[in-house]
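Undergrad:
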Amino acid sequence: MSTGVEAVFISYEADIKRKIFFLVSLCLVLLTVMAIGLCVGASGIGLGTVLASLFKDTGRSFGIIWMLRFPRILMAVLVGFGLGVAGTIFQVVLCNPLASPFTLGVGSAAGFGAVTAIIFLGTGSLLYGVAGGAFLFSLLSAAVMILIAKLKKASSETMILSGIALMFLFSSLTSLFQYTGTMQQVYEIVFWFFGSLSRVGWPEIGLAAVMILAPFPLLLRSAWDFNLLAYGDESAMALGVNPDRLRIWSVAAASLITAGCISFTGVIGFIGLVAPHITRMIIGNDHRFLLAGSGLVGGIILVAADTAGRTLWTPLVIPIGIVTSFIGVPFFVFLLMKRTREYW
Amino acid sequence: MLEARGIFFEYNGNKVLAAVRASVEKGGVVSIVGPNGAGKTTLLKCISGILKPTLGTVHLDGRDALGMPRREIAKQLAYMPQSMFFRFPGTVFDTILSGRRPYFAWRPSLKDLEKVETIIEEMELSELSMRDMDQLSSGQVQKVLLARTMIQDTRYLLLDEPNSGLDLRHQMELLETVAALAKGKGIGVMMAMHDLNLAARFSDRIILLHHGKIFSAGVPAEIVTPAKIRDVYGVESIVTRDNGYLNVQVLCCSGEQELDKPGRLPNRLSASGRKN
Amino acid sequence: MIDMHTIVSQKRLLHFCRMLVAMSILLQGKTALGTSITVLDSMGRKIEVSLPIKRIVALNSDVLEVLRTLKAQDLVVGVFSEIVRNRDFWGDLAQKSRVGSWREANIEAIVALHPDIVVAYSRNPGPELEKKMAPFGVKVLRLDFYKEDTLEREVMTMGRLLGREKEARRFCDWHKLHLDKLIKRLGLVKKRTSVYIENYTDYHTVAPGSGGHDMCTLAGGRNIASGFSIPYPRVTPEWVVSQNPDVIVKAAAWGGGYSLKTPAVFNRQKEEIMKRPAWQHIAAVAYGRVHVMDSAIWTGPRAIIGMAYLARWFYPKLFPDLDPKAWHREYIEIFQGISYRGVYVSSGFQETGK
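Residue numbers (my numbering), protein chains in the order written: chain Y, 1 to 344; chain S, 1001 to 1276; chain V, 2001 to 2354.
1) Could you check whether the Cβ of D2092/V sits closer than 9 Å to any Cβ belonging to chain Y?
2) Taking the continuous beta strand (DSSP E) assigned at K2250/V, which residues delimit it?
3) Just to confirm before moving on: does the CB-CB distance between F177/Y and I119/Y stay below 9 Å?
4) Rounded to whole angstroms, how far is the Cβ of L78/Y from the Cβ of A209/Y, which I believe are closer than 8 Å?
5) Excluding the 5 residues flanking E204/Y on each side, which residues of the same chain have their C-beta closer than 6 Å to its C-beta?
6) Quickly, what does DSSP pair N1012/S with across the bridge? List them, please.
7) DSSP three-state call for T1154/S: helix, strand or coil?
8) Just tell me which of V1024/S, V1141/S, V1033/S has its CA closest to the CA of D1167/S.
9) Listing by chain order, which chain Y residues have their CB less than 8 Å from the CB of S1129/S?
10) Among the residues of its own chain, which have a CB less than 6 Å from the CB of G1006/S, if the five just before and after it don't count?
11) Is there at least one Cβ from chain S nearer than 9 Å to D244/Y's Cβ?
12) Just confirm the distance between the C-beta atoms of M1193/S and E1161/S, as a whole number of angstroms; I'd bet it's less than 8 Å.
13) Among the residues of its own chain, which have a CB less than 8 Å from the CB of V2099/V, if the five just before and after it don't count?
14) Specify the secondary structure class of Q2243/V as computed by DSSP and reduced to three states.
15) Taking only beta-carbon positions, decide if Y1079/S is within less than 9 Å of chain Y.
16) For V317/Y, return the contacting residues in chain V, with the cut-off set at a CB-CB distance below 7 Å.
17) If you draw a straight line from the alpha carbon of R1021/S to that of N1247/S, how long is it in whole angstroms?
18) Which term fits L1128/S, buried or exposed, when burial requires 16 or more other beta carbons within 10 angstroms of its beta carbon?
19) Alpha carbon to alpha carbon, what distance is there between V2155/V and T2170/V?
20) Report the residue ranges of all alpha helix (DSSP H) runs contained in full by the region 2273 to 2338 of chain V; include only those spanning at least 4 residues, in chain order.
21) Just to confirm my understanding: we take M2307/V, look at its own chain, exclude 5 residues before and 5 after, and list those with CB closer than 7 Å. What are they?
22) Got a sec? Which residues, its chain only, sit under 7 Å from N2244/V by beta carbon, not counting five neighbours each side?
23) Could you tell me whether the Cβ atoms of Y2203/V and R2234/V are closer together than 9 Å?
24) Do L1145/S and L1044/S come within 9 Å of each other at the CB atom, strictly closer than that value?
25) Buried or exposed: which applies to M337/Y, given that a residue is buried once 16 or more other Cβ atoms fall within 10 Å of its Cβ?
26) Going straight from the alpha carbon of S2050/V to that of R2153/V, what length do you get?
27) What is the C-beta distance between V2076/V and K2096/V, in whole angstroms, given that I count them as a contact (C-beta under 8 Å)?
28) Apart from the five residues on each side of it in sequence, which residues of its chain come closer than 6 Å, Cβ to Cβ, to Y2340/V?
29) How do the region 267 to 274 of chain Y and the region 320 to 327 of chain Y stand: do at least 3 beta-carbon pairs fall below 8 Å, yes or no?
30) Does DSSP put K2354/V in a helix, a strand or coil?
31) Just to confirm, are R288/Y and A223/Y a CB contact at a threshold of 9 Å?
32) Can you list, in chain order, the residues of its chain with a C-beta nearer than 6 Å to that of F1086/S? Leave out the 5 residues immediately preceding and following it.
33) So, are the CB atoms of I212/Y and G260/Y less than 9 Å apart?
34) Taking the straight line between their C-alpha atoms, what separation do you get for T1177/S and L1196/S?
35) Looking only at its own chain, which residues have a Cβ that is under 6 Å from the Cβ of G1165/S, when we skip the five neighbours before and after it?
36) At a Cβ threshold of 9 Å, is L1113/S touching chain Y?
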């Protein structure tokens, strides 16, 4: 008997090690992509200058590295991470592989909130206004979604359907602003709709980091509860989880993360849907590893996409949303073809 | 003793359960039988606290179970649902390990892991331990779910048709495991069953539910009789005793029952009867 | 050398424009014998219109401004709905029937007005406008009025159509006189000022193919985006820093400069640009040569005013006496027939003009 038990133990340990190895590799890839992003740019500042600028003020190059490239890359990491994590949460909580911040209307609502703040508070220094507006509306849409589902006995289909309805509502409201707005407002909305990392500075990063990273430890702590929830509410309840409470607070947390991602960079969709699935296909559905994995994969995709977008056609910029799709979609389709796991 | 008394349950104004009383001693096996829609699953869910009964009490060794925190219940009483879906499936090992969830916070202890390994070995699941749940046959899934329920280390098990969808061999294997748990470890088992023969064979007591009420309760020989089967299921049958086991043979649908209850479908009933 | 070459090519461009004007007049001369006239619109199409034209729908502010220049505002029966944002400037014209947005007109509203012609931009609204108007016998004329090199020809075409050649000629003469003033003196420029122009949306610039690029070049600036292949490209802040332009000009999508009493709106945008991270390393920001211009004088019939401001911002020493405000006053009072007022650029002009 003991040999059999040992064999099981060994394969379990190997499985855990494989997952940890995957996470560590992701970190290394992310650091590499970040380093590459830091060394390329329209100004042609190369590796040597970058290294020198890291430690001493070299004037203009120093400014370019520290004020332009670094914030941009850090924000890409944060936003990619946040969308990946939020997507994973929405998927498991609604037991639906199609769920993501944008398919659920939370993204559109956050966008509407940000645009509303921009229009009514005016452009310029209104960091907290935009972030607050985005969070308020993303939370509102999540609340409406949960409320509808609650009244109709929380089935995941109801939540998805109400989410899609909300997405259309908020998209239309934003379009209405665009249609009736003054020229200045229209161009502001255009900037926002394209999705862009160009406006990001250190204050934005600070606020976004709080909104995106603060809820993460809480979510990670409940990894086992998410694992149980994936097998259905009854099974989760039988093992001591309160599914409704878990669902409500984690959707609120994911909405906060979504708002943090969207407030300062505009619409960068798609990652929230794809990053979790890419990670699931590689390391499976254990949320202890999946949450961080999805975040890292999202970060890698976004940094890579941004770096490609501003160097491929330098000095022109290909909007980040476009490059994300160009990089993400083929990879995703490739994995879909090769996958061994079937979820849907 | 696990004891539910005066359980009423209403869903959208429909009375699903009315004044149901059910109990099981440690080491005992109690089967809940009855036609489709009689309220078997609902009763198990009410006792396990997954559904909140409209009225009634559940006592776990004398303590009020309905007022206990979820996690506390999960340490005393394990519930195995009839089926589960695997949208985002984990591995067999992780699924069984999740049965220890009431005992650890984030990182399972070595003891937890050892328990998982032992039970995987006992239930001959070693080959499958790193497979994802959606790659198993339904018999294997039931085995894994039973393993997860067992590893919860509770004094009572509530099983909802544990043998559904299994072939003869797997049915016997699973029910023998359950019986061994009851007799060997003194665990109280309450299970919903469709198959009267198996229910009669593996249970100390049988509760026969009909339209959400207890039609009759007692030792198998008192319950599994042609008269009661006719009244509740609406079929004519003969019950024999072969090799020490009760054996129900269904003959045909009862005519008057058909007229009496137009909502019942005689075809389906006779079909399920023939399966026995 | 390079600089001289471009100035010469500018002159050639202008010469070419004048030839085009002459040609189109010739074309009209031949066919204007009967009760109809055939003109060449901005898309190069020959459009035959019956005379006289008594009812016009003007779908954008550029057309409407030109119609007022031609003293033809009485013929206007329908206007674009956005006109209400600028009531002060348009006066009674804002009371005319409104027929929807400049890029998405309400066909039914236009038809109800029984116009003889509808005048719109080449690209907006789309070709469905012609399709929908054809059954009602309404001619759609596409005249842009926002590109410097075709402005004079387009104004002359409009004048010919309405029998107001005298007014059209008067505007073209005034326009040419001022343009020549600028170009003559810009011929003296040795080293051209490098300029980053930001369009209405942040980090969107203008490149060859856009009206903004033409304005910048005609005003003697070297657009740092002149090598790009798309007219309205997006750039990174890093690229702007690395190009280190001498002057930054932002086109503000305001358009209502006529109603303004202070430059606060433009100054806010100017400050926002100067505060952008790492932009203190750009010469334009370091020396305070960042300017914001209202879209009212940015491209369109009043582009010459905008160009005067640009020339003065680019070469303050070369144009110490240039007074764009006086030019603007002439235009507003002579051609638009209203009194001059409003604020159209951010402050800081006086300092750099010294």
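Yeah, the Cβ is synthetic: ideal placement off N, Cα and C, and Gly gets one too.
Everything numeric in this text was worked out from a predicted model, so none of it was measured.
TA: Short version:
1) Taking 9 Å as the CB threshold, D2092/V stays off the interface with chain Y.
2) 2247 to 2252
3) yes
4) 6 Å
5) Exclusion of the five residues before and after E204/Y leaves F264 as the residues of its chain whose Cβ lies within less than 6 Å of its Cβ.
6) According to DSSP, which records beta bridges pairwise, N1012/S is partnered with nothing at all.
7) coil
8) V1141/S
9) Within chain Y, the C-beta atoms nearer than 8 Å to that of S1129/S come from V8, S11, Y12, in chain order.
10) A1019, G1056
11) No, its Cβ sits nowhere closer than 9 Å to a Cβ of chain S.
12) 7 Å
13) Correct list, in chain order: V2057, L2059, G2078, V2079, F2080, S2081, A2105, N2106, A2109, I2110, L2113.
14) helix
15) yes
16) R2234, V2235, T2236
17) About 27 Å.
18) Buried, because 16 or more other Cβ atoms sit within 10 Å of the Cβ of L1128/S.
19) First, the residue type needs correcting, since residue 2170/V is Arg and not Thr in the sequence shown. So the alpha carbons of these two residues sit roughly 10 Å apart.
20) 2283 to 2286, 2303 to 2314, 2324 to 2330
21) So the qualifying residues of the chain are L2182, M2215, L2218, A2219.
22) I2282, A2283
23) yes
24) No, the Cβ-Cβ distance between L1044/S and L1145/S is not below 9 Å.
25) exposed
26) If you take the alpha carbons of S2050/V and R2153/V, they lie about 20 Å apart.
27) 6 Å
28) R2329, I2332, E2333
29) yes
30) At K2354/V the pLDDT is 34, less than 50, meaning the model places this residue with poor confidence and gives no usable figure here.
31) yes
32) M1133, D1134
33) yes
34) 19 Å
35) S1138
36) yes
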